[in-house]
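Asker:
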Amino acid sequence: MALLGTLVTTAAGALSATIGVLVGGIVTHRAQDRQWLRDKQLIAYQELISHYAKFTMIISRAHAGRQGWDYDWSEWSATLTRASLVAPVAVAAEIDNFGKAINAFLDQVARDPARDPSRAPLSQEEFAQANRAPAQAQVQLVNAIRRSLSKDQKALPFWIGGSLAGSSDDT
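The sequence shown begins at 39 in the numbering used here and counts up one residue at a time.
#1: What is the C-beta distance between Thr-28 and Asn-169, in whole angstroms, given that I count them as a contact (C-beta under 8 Å)?
#2: Just to confirm the assignment: which complete beta strand (DSSP E) runs, minimum length 3, are found wholly within the region 53-121?
#3: How far does the alpha helix (DSSP H) with Lys-138 in it reach, from first residue to last?
#4: Taking 8 Å as the cut-off, does the region 170-186 touch the region 75-92 (at least 3 CB pairs, one atom from each stretch)?
#5: By the 10 Å Cβ neighbour count, where 16 or more other Cβ atoms means buried, how is Ala-121 classified, buried or exposed?
#6: Could you give the distance in angstroms between the alpha-carbon of Val-61 and the alpha-carbon of Gly-43?
#7: Go ahead and pull the three-state DSSP assignment for Leu-187.
#8: Hey, how far is the Cα of Gln-191 from the Cα of Tyr-83?
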């Protein structure tokens, strides 16, 4: 009888330890998956904002210097896609809105042959006005990214690189 009690106690202890190891493995695996996804999201978001800053500066300089310019738009499209692939739905929706705002911006400052920077450049004020919608969309996107990464993040009332004077949008 004592032997049976010892065997049951030993088996229960071994079973508990095995279940603990399995549960720990599952929890650890999920945490690693979440960390991997977060790392991929941060890289994709940084790349997206970096491309936006880069081509905006290239186009701005072209207008200011009355010169031509070139940019690899396939990389911009690929960056939008990569960011959308790893983004939660709310962030993906803001990426889409940002992309639409960029499209309208490019129609005004880059695609319109009447606004060729070497022949008919935009003034600094005209360029800033054309960039207003993308700047507001950037604020929305950055704040959606911040919320998705941590509920403790406060919303930014400004876009990276300047103030949105007169903007009441602080989500």
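Just so it is clear, CB atoms sit at the ideal spot from N, CA and C, and this is done for glycine as well.
Answerer: So, from the listed chains and residues:
#1: Since the displayed the chain opens at 39 and closes at 209, residue 28 lies outside it and no answer follows.
#2: none
#3: Within the sequence shown, residue 138 is the residue found at index 100, counting from 1. From DSSP, the alpha helix (DSSP H) with Lys-138 extends over 127-144.
#4: yes
#5: Taking the sequence shown and counting its residues from 1, one reaches residue 121 at position 83. With 16 or more Cβ atoms within 10 Å of its Cβ, Ala-121 is classed as buried.
#6: On the sequence shown, residue 61 is found 23 positions in, with the first residue counted as 1. On the sequence shown, residue 43 is found 5 positions in, with the first residue counted as 1. Rounded to the nearest angstrom, the two C-alpha atoms are 27 Å apart.
#7: Within the sequence shown, numbered from 1, the residue matching residue 187 stands at position 149. Helix, per DSSP.
#8: Along the sequence shown, read from residue 1 onward, the residue named residue 191 stands at position 153. Along the sequence shown, read from residue 1 onward, the residue named residue 83 stands at position 45. Approximately 16 Å, taken between the alpha carbons.
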